[in-house]
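With the sequence shown counted from 1, adding 236 to any position gets you our numbering.
We put the beta carbon where it would ideally sit given N, CA and C, even for glycine.
Bear in mind the structure is a predicted one, so any value in this text is a computation, not a measurement.
To start, the structure itself, in structure tokens.
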Amino acid sequence: MRSRTRIKICGMTDLEEVRHAVAAGVDALGFIFAKASPRYIEPERARVIISSLPPFVDAVGVFLNDEADRVAEIVQYCNVTVIQLHGSESPDYCRRFRTRVIKAFQVHDKLTAGDLFAYEDVVSGFLLDTYDKKQAGGTGTTFDWSLIHKLQPGKPLILAGGLGPANVAQAITAVRPFAVDINSAIETEPGRKDPVLISRLVEAVAATF
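Right, here's the structure in full:
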């Protein structure tokens, strides 16, 4: 029997929405510390929300080409359990952290298996997202999942990019990822998640195993 696909919801900013997600069965919550993002959350607010999480629910801190010292400071202050890097951070940069690291890549024709392989010794997983030259993540659009095969990720794969209740089952069937990363498809506005859509998402994922 295939193991269940894990669920991460990214761009959380509201305590009650986090509580609903946890109660629904979400495995990880993402908190975006990149200041340019419309889903940016102040570390002080994130710390309060993260302190409410029960055991075995991960708090994922999302960063974009940030100073390593700032990342380490926020990780310690907020009790972040996983670091997600969404920029052009190098393998040496990833190696600086003791906390588990997920490295995100935007998928396009020129991305190769070698690009991912360079990080395999320093990360816990790869997140594959839709390519957009103007923004890193949160595009609300899917990408060609058939491109994943050539990348041959050697670590757990987190699939992102335009996923929501309507298409997550199709994505899981096609890709068989370790986890799915959901953002804009369950929002009422950037950073605010619809509890009804959260529940529908969890139900859709559960129906695949």
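- Measuring C-alpha to C-alpha distances from I245 to each of L364, F445, I422, A440 identifies I422 as the nearest.
- Among the bridge pairs identified by DSSP, T366 is matched with V343.
- Listed as beta-bridge partners of F299 by DSSP are L321.
- Following the DSSP letters along the chain, one finds D305 inside the alpha helix (DSSP H) bounded by residues 304-314.
- One thing to note: P401 has its Cβ no nearer than 8 Å to the Cβ of F362.
- The DSSP-derived three-state label of E280 is helix.
- F379 is classed as buried because its beta carbon has at least 16 other beta carbons within 10 Å across all chains shown.
- Taken through DSSP and simplified to helix, strand or coil, F353 comes out as helix.
- Within the same chain, D294, A295 come within 6 Å of T317 by CB-CB distance, once the 5 residues on both sides are set aside.
- Separation of the CB atoms of V311 and T335 is rounded to 5 Å, and the pair is thereby assigned contact status at 8 Å.
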